[in-house]
Amino acid sequence: MRFMFKTDYEDDIRLFPHSGYLFSYGTLLVLLAIAPFVLSSYIVSQLVFVCIYATVGVGLMILTGFTGQASLGHAAFLAIGAYTAAYLQQFNVPFPVYFLAAGLLTGIIGALVGFPALRLQGIYLVIATISFALIVEEIL
């Protein structure tokens, strides 16, 4: 059996590998932009959750697919951002402000957790990320 190892990942990280992708993504973007005007608020709220989970899935796919590392802490970062946004909504903070604040706080905490975890691989990274997830669960 012969293994083919890739040394060039330029094709994998290209945003639009074919012109058909550009049309598909453009159509999806237009449909998502007009959705709040033609769909009920319930369906729009469900679409928002789909987009949030798709973003988390893409982030996890980048980590596991391109680097081969396993992480169990993605849900903790999602929880930090969601909790921050929900907390700021209680005080009638405008959407752009709490959206940016949740992203900024999650990014800062991600950097604080990520820099020490840069040297970890394999099971040690899994242990560190699941420990972080359990700590966040206890705090929130």
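What the sequence shown shows, in numbering that gives the first Met the number 0, is residues 0 to 139, in sequence order.
Note that beta-carbon positions come from the ideal geometry of N, C-alpha and C, so glycine has one too.
- Judged by beta-carbon spacing, residue 75 lies beyond the 8 Å limit of residue 116, meaning their Cβ atoms are not closer than that value.
- Under the three-state reduction of DSSP, residue 90 is assigned to coil, being neither helix nor strand.
- A distance below 8 Å separates the beta carbons of residue 79 and residue 104.
- Between the segment 56-75 and the segment 121-132 there are three or more inter-stretch CB-CB distances shorter than 8 Å, so the stretches are counted as touching.
- In the three-state scheme derived from DSSP, where H, G and I count as helix and E and B as strand, residue 35 is classed as helix.
- Between residue 83 and residue 100, the C-beta spacing is below 8 Å.
- Taking the Cα positions, residue 88 is about 25 Å away from residue 58.
- Note on residue 41: under 16 other CB atoms within 10 angstroms of its CB, so exposed under the neighbour-count rule.
- Under the rule that a run must span 4 or more residues, the alpha helix (DSSP H) segments found entirely inside the segment 26-78 read 40-60.
- Between residue 120 and the set 107, 37, 62, the nearest pair of CA atoms involves 62.
- When the Cα atoms are used, residue 130 and residue 60 turn out to be separated by approximately 21 Å.
- In this structure, DSSP gives residue 115 a helical state, which the three-state scheme calls helix.
- Pairing residue 77 with residue 55 gives a Cβ-Cβ distance under 8 Å.
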